[in-house]
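Take a look at the structure below.
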Amino acid sequence: MKTKVLMVCLGNICRSPLAEGILQSKVNSDAVFVDSAGTAGYHIGNPPDKRSISVARKYGLSIENQKCRKFSKEDFSESDHIYVMDRSNFSDIASLAETKEEASKVKLLLSEVELGIREVPDPYYGGNDGFENVYQMIDSACGAIAKKLN
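The working numbering applies: residue 7 is where the sequence shown begins, and numbers increase by one.
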């Protein structure tokens, strides 16, 4: 049975698509399934932000075929691990949990590494440097997660 990991941010167009693509590149796809979602439904059905696609491509990853979707309560039963990008995402997802088991699946992505910060900042309203910085943070955390899963 595959381990299922869900990455979550606000709109599912910047951070969580990067996290999905990065973690997929680091795990055995026969053993681990990685997906992503947003807490808001602003961009349902759209591909990731062009700047996320660009920074992923810079590192040899293809995320342009991902489609944005909104987190649903069913994601609790379908996921073994739910990693969120910031405290707002954490609160939004944790508030939907109906059991302690569901709530225990939700973690801040950066809780997996020691970077001196706890949240992945949203690069949406910034420039390209923000996407590069976010990529590096997510890559570091996904490396630690992959070691646990492989």
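Glycine residues also receive a C-beta, built at the ideal position from the N, C-alpha and C atoms. Because the structure is a prediction, the values reported are computed rather than measured.
Between the alpha carbons of VAL33 and ALA109, how many angstroms are there, rounded?
24 Å
What residue does the beta strand (DSSP E) around MET13 start on, and which one ends it?
9-15
List the residues that DSSP assigns as beta-bridge partners of ALA43.
VAL14
Three-pair Cβ contact test at 8 Å for the segment 19-29 versus the segment 41-60
yes
Could you round the C-beta distance between PHE137 and VAL61 to whole angstroms and report it? I think they count as a contact, below 8 Å.
5 Å
Element boundaries [alpha helix (DSSP H), containing ILE88]
First-last for ILE88: 87-90, but that is the beta strand (DSSP E), not the alpha helix (DSSP H).
Would the segment 33-52 and the segment 121-138 be scored as touching if the rule is three or more Cβ pairs under 8 Å?
no
Between which two residues does the beta strand (DSSP E) containing LYS113 stretch?
Run containing LYS113: 112-114, per the beta strand (DSSP E) assignment.
Taking C-alpha atoms, which residue in GLU107, ALA103, ASP145 lies nearest to LYS79?
ALA103
Which residue's Cα is closest to the Cα of ALA147: LEU114, ASN156, ASP98?
LEU114
If you compare alpha carbons, which of TYR141, LEU116, LYS64, LYS111 is closest to LYS10?
A check of alpha carbon separations from LYS10 across TYR141, LEU116, LYS64, LYS111 identifies LYS111 as the nearest.
Whole-angstrom C-beta distance between LYS73 and PHE39, which should lie under 8 Å:
The pair is not a contact, with the Cβ atoms about 16 Å apart (cut-off 8 Å).
Since LEU12 contacts ASP81 with CB under 8 Å, what's their CB separation in whole angstroms?
6 Å
Between SER58 and ILE19, is the Cβ-Cβ spacing less than 8 Å?
yes
If you drop the 5 nearest sequence neighbours on each side, which residues of the same chain put their C-beta closer than 8 Å to that of GLU125?
Contacts found: MET91, ASP92, ARG93, LEU114, LEU116.
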